[in-house]
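Residue numbers (our numbering), protein chains in the order written: chain H, 66 to 333; chain A, 66 to 333.
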C-alpha cells in the first residue's frame, strides 16, 4: 500500500539525544515555506509518538515563532508534568539552532461521562451537493485537501467589498485518509485568512498562535473514518495588525470533533 | 495610597538565578487553592516584568498542570525567540520542585492598521441598571470582583433543569482598579464553569488550559480605566470529562478587548 503524503509529512525519526528529526514536506508547501497546519501536526506528533505518552490529546497550542524553512527540523517534547490521568507537554521545534515553534499539549485518559454538543452543526447541503471550486488552487498544500466551499470561500473578485468573515465548507484529506489527531490538527488550520474574506483584499498574513481543543476521542475519529468534516470559521476582531479566528469541525454524523482558535498577523 | 490586593497578588521578586518568586494570595482564594485567573496573571506577569520584554501581549496560553498549593512559587520565563517585532515566551511555574503550570506568551510591537470588530457587543442594560446578586458569594476571590449578572448567572436552584450555557455579566475589579494586561487575563477566567449552568448541577471541575487573545493595546486599556467590562461566555461541547468555553470581554464603549477560550475538566 502506498504511504499517504500526510504520513510521510509528519514522520519523525528518534535521535539518540531524545529529540526527533523531521523534514518539511513539498507536498504540503504553502506560498512560502510549509503549510502551518502540517507544522502543527508535526509538533503534535512529537507527543503522539513519545514513549511516555499518557492518554489522548485534549488541547494543543502551537505558536509559530518564525518562518519554517523548507528542509529538516528537530523537535523536542518534554512531559513537564504527569498526573494520574493527565499529562502536560512542552514542545519546541528547532531549525539551524533557533526555535521556530513552541507548543504545549495536554493529554488525558478520558472516561465516559454525561456529554452534550451545545454548538450544533449548522444546516447545510450534503457534500455531494456542493461543488468543488471551478479553478483549481495552484498552492501545493491546497491540492492535498478536498474542499467544497458552502459559503465564504475565497473571494472571486478582490474589490474590497467587505462582508461577514463567516465561512463554511466540507473538507477531507485528498486522497481520503482515516482521520486521526494529527490530521485533525492540520485541518484545524485549513481556513483561508479571515481578513481576505472580510476585506476582499489580499494583505500579507501569518498565523501567530493556534489552539485546538479535541472533543473527540480516538474511537470517534475511527468512526469518522475518511468521511467529510464540516468546517466553520469566522473572525471576532481585527485590530492593529492581528485578528482572531474561531472555528468548529463536525463529522458528517453531526458530532463536534474540534473547536479551534487562532490569532493571525496581518499587515496594513 | 493603599496597594490594591491584585497588585499584591501578582507581585514577583527577582531571584539571582533569573527566576521570579511569588506567593499565592489569600485575597484571591478559591474553594481549594487560589483562583486560576490570578495564577494566569502571575504567569503572564513573569513576562511583563522581564527586562527582555518586547512589545505587549497578543496571546497567552496557560495550562494548569496541577493544583497550586497556597504558599510560595517560583516562575521562570524564557524568550525562546525574539524577532524584529514579535517575541515568543515559554513560562513554567514550580512548587516544591514540580511543575504546576506551563504557559506560552506571544508579545508584539503593534502598529496602527485597518481595524474592525466583527463580534459586536450584545445589547444589554447598563451596569447601573443591573443588580448585584442578592446573596453575597462566600468564596474569597469572588469578593474581589464586582459582578452584575445579566443572564446565565449561577443557578439559584440545583434542579438539573439544564438550559443554554450562555452567560452575560458586567464585571470589574473590587475595589475598582485601572485595567491592564494582568488584570484582563484574570478576568478572562471569571466565568463560572459552564457545566454548572448547563446542567444546574454541581460537579467537580477544573480548568485545564486557557487561551487569551488580547485585541486591545495598552492605550485602549488605559482609556478603559476602571470601567465595567461586559463579559459573555458559552460552551460549545461537553464530552467525556472535558468541556470548552468561548468568551468575549468588551469595555463600556463597546470595544472588544479580549476573546478567550478554555477547556475544563469535569467529573461524571
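We treat Cβ as the ideally placed atom computed from N, Cα and C, and that holds for glycine.
Assign residue 182 of chain A to one of three DSSP states: helix, strand, or coil. Strand at residue 182 of chain A.
Considering residue 236 of chain H, what are the terminal residues of the beta strand (DSSP E) in which it resides? Segment 232-238, the beta strand (DSSP E) holding residue 236 of chain H.
Residue 225 of chain A classed as buried or exposed, judged by whether at least 16 other C-beta atoms fall within 10 angstroms: Exposed, by the Cβ-count rule.
Determine the DSSP secondary structure at residue 192 of chain H, reduced to helix, strand or coil. Residue state, collapsed to three classes: helix.
For the structure I just gave you, are there three or more beta carbon pairs, one from the segment 69-79 of chain H and one from the segment 110-123 of chain H, closer than 8 Å? A contact between stretches requires three or more CB pairs, one per stretch, nearer than 8 Å, and the segment 69-79 of chain H meets this requirement with the segment 110-123 of chain H.
I think residue 168 of chain H touches residue 121 of chain H, with their Cβ atoms under 8 Å apart; what is that distance to the nearest whole Å? Not confirmed; about 16 Å, so no contact.
Residues of chain A with CB closer than 9 Å to the CB of residue 299 of chain H, please, in chain order. Against chain A, the beta carbon of residue 299 of chain H has neighbours under 9 Å at 183, 184, listed in chain order.
Any chain A beta carbon closer than 7 Å to residue 336 of chain H: Residue 336 of chain H cannot be examined here, being either before or after the span of chain H that is shown, 66 to 333.
Within this structure, are the beta carbons of residue 330 of chain A and residue 307 of chain A separated by less than 7 Å? Against a cut-off of 7 Å, the Cβ pair of residue 307 of chain A and residue 330 of chain A comes out as a contact.
The segment 236-250 of chain H touching the segment 279-299 of chain H, judged by at least three CB pairs closer than 8 Å: Taking 8 Å as the limit for Cβ pairs, the verdict is that the segment 279-299 of chain H does touch the segment 236-250 of chain H.
When burial is assigned at 16 or more other CB atoms within 10 Å of the CB, is residue 315 of chain A buried or exposed? With 16 or more Cβ atoms within 10 Å of its Cβ, residue 315 of chain A is classed as buried.
Which one of H:94, H:273, H:313, H:305 has the shortest CA to CA distance from residue 299 of chain H? Here the closest residue by C-alpha is H:313.
Indicate whether at least one CB of chain H lies closer than 7 Å to the CB of residue 333 of chain A. Interface residue, yes.
Check distances from the C-beta atoms of the segment 262-277 of chain H to those of chain A and list, in chain order, the residues that come in under 8 Å. Residues passing the 8 Å Cβ filter: 263, 264, 273, 274, 276.
I believe residue 328 of chain H touches residue 309 of chain H by the beta-carbon criterion, under 8 Å. Please report the beta-carbon distance rounded to the nearest angstrom. About 5 Å separates the beta carbons of residue 328 of chain H and residue 309 of chain H, which is inside the 8 Å limit, making them a contact pair.
Which stretch, first to last residue, makes up the alpha helix (DSSP H) that contains residue 187 of chain A? Note, residue 187 of chain A: premise wrong, no alpha helix (DSSP H); not H, not E.
Cutting at 6 Å between CB atoms, please list the residues of its own chain near residue 244 of chain H, excluding the five before and the five after it. Short of 6 Å from the beta carbon of residue 244 of chain H, and not among the five residues preceding or following it, lie these beta carbons of its own chain, in chain order: 286, 289.
Report yes if the CB atom of residue 256 of chain H is closer than 7 Å to the CB atom of residue 219 of chain H, and no otherwise. Contact: no.
Look at the Cβ atom of residue 182 of chain A, then the Cβ atom of residue 321 of chain A, and state whether they are nearer than 7 Å. At a Cβ-Cβ threshold of 7 Å, residue 182 of chain A and residue 321 of chain A count as neighbours.
Which partner residues of residue 153 of chain A appear in the DSSP bridge assignment? Answer is A:146, A:171, bridged to residue 153 of chain A.
Would you tell me roughly how many angstroms separate the C-alpha atoms of residue 100 of chain A and residue 93 of chain A, rounded to the nearest one? Roughly 6 Å separates the two Cα atoms.
Do the CB positions of residue 274 of chain A and residue 171 of chain H come within less than 7 Å of each other? Going by C-beta atoms, residue 274 of chain A is nearer than 7 Å to residue 171 of chain H.
Does residue 213 of chain A come out as helix, strand or coil in the three-state DSSP assignment? Here residue 213 of chain A sits in strand by DSSP.
Look up residue 159 of chain H in the DSSP assignment and give the residues it is bridged to. Listed as beta-bridge partners of residue 159 of chain H by DSSP are H:139, H:164.
Expressed to the nearest angstrom, what Euclidean distance is found between the alpha-carbon atoms of residue 146 of chain A and residue 190 of chain A? Distance between the alpha carbons of residue 146 of chain A and residue 190 of chain A is about 45 Å.
For residue 164 of chain H versus residue 132 of chain H, is the C-beta distance shorter than 7 Å? Taking 7 Å as the cut-off, the Cβ atoms of residue 164 of chain H and residue 132 of chain H do not count as close.
For residue 117 of chain A and residue 83 of chain A, what's the separation of their Cα atoms in angstroms? If I take the Cα positions, the gap works out to 12 Å.
Environment of residue 297 of chain H [buried if 16+ CB atoms lie within 10 Å]: It counts as buried.
Quick one: list the residues of chain C neighbouring residue 171 of chain H, beta-carbon separation under 7 Å, in chain order. Among the chains of the structure shown, chain C does not appear; the protein chains present are H and A.
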